[in-house]
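Residues 88 to 287 in our numbering are what the sequence shown lists, from first letter to last. Yeah, the Cβ is synthetic: ideal placement off N, Cα and C, and Gly gets one too. Before any comments, here is the structure.
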Amino acid sequence: MRTVLELNLKNSKIMAMNTMIVKCPVCNNNTLKITDYLYEIPRVGKVILTVGKCSKCNYKFNDIRLAEARGPRKIVFMIENSDDVDALVIKSSSASVIIKEIGLKMLPGPASQGFISTIEGILQRFKEAVETACRSLDANQGKCKQLISLLDRAREGKEKLTIIVVDPEGVSAIESPKARIEEVSKEELEELGYIVQPSD
Ligand SMILES: [Zn+2]
């Protein structure tokens, strides 16, 4: 499996663009330092990585997005074999990730961050979220076991699952010739909790 660090060092030209100090949403001091970096990732293109750190309370913020916004869209990717889980995913802080067959959703909230990962990394994040939810006493343990084993099998390429990244800004990407770009309707966006402005 490729690691993100490896990818950054080997294939990317890294350039700091600008730095600013803004108000920290956690401690409210003017001590949150935000720096944008421009990266060039092969087959993905130019991306902007934003790193924020508060010197007072240590709050950290990360985001990543394509430098060029492509408008509301969804990216549909089917995991069919063990090579598919190595595909690179750029998920901006405003994007949602859905596993179609089992209805699991990663929705953006106020504390949502962007990240660069692989399909395997996404499956791992879902597994951790399911494990956390399943610690609750009223969780259906049979269902929990079933979901976790499904996610594990998908990571080994033994279970076909469809990953959908919904991005109202079109700044997320899945780096694979198999990734399909589809239009996303206003209704779909609203269903996921996005506030859709009239387009005029
Ligand atoms: Zn702070």
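With 16 or more neighbouring CB atoms inside 10 Å of its own CB, A241 falls in the buried class. The Cβ atoms of K178 and G201 sit closer than 7 Å to each other.
Ranked by how close their Cα comes to the Cα of K133, the residues E155, K120 and C141 have E155 in first place. In terms of side-chain proximity, the C-beta atom of K143 is found nearer than 6 Å to a non-hydrogen atom of ligand 1. A straight line joining the alpha-carbon of C141 with that of S181 spans about 21 Å. In the structure shown, T118 falls within a coil segment according to DSSP collapsed to helix, strand and coil. For the pair V271 and P195, the Cα-to-Cα distance works out to about 16 Å. CA-to-CA, the gap between E262 and I185 works out to about 17 Å. Residue side-chain check: V113 places its Cβ nearer than 6 Å to a non-hydrogen atom of ligand 1.
One thing to note: V217 has its Cβ within 7 Å of the Cβ of L234.
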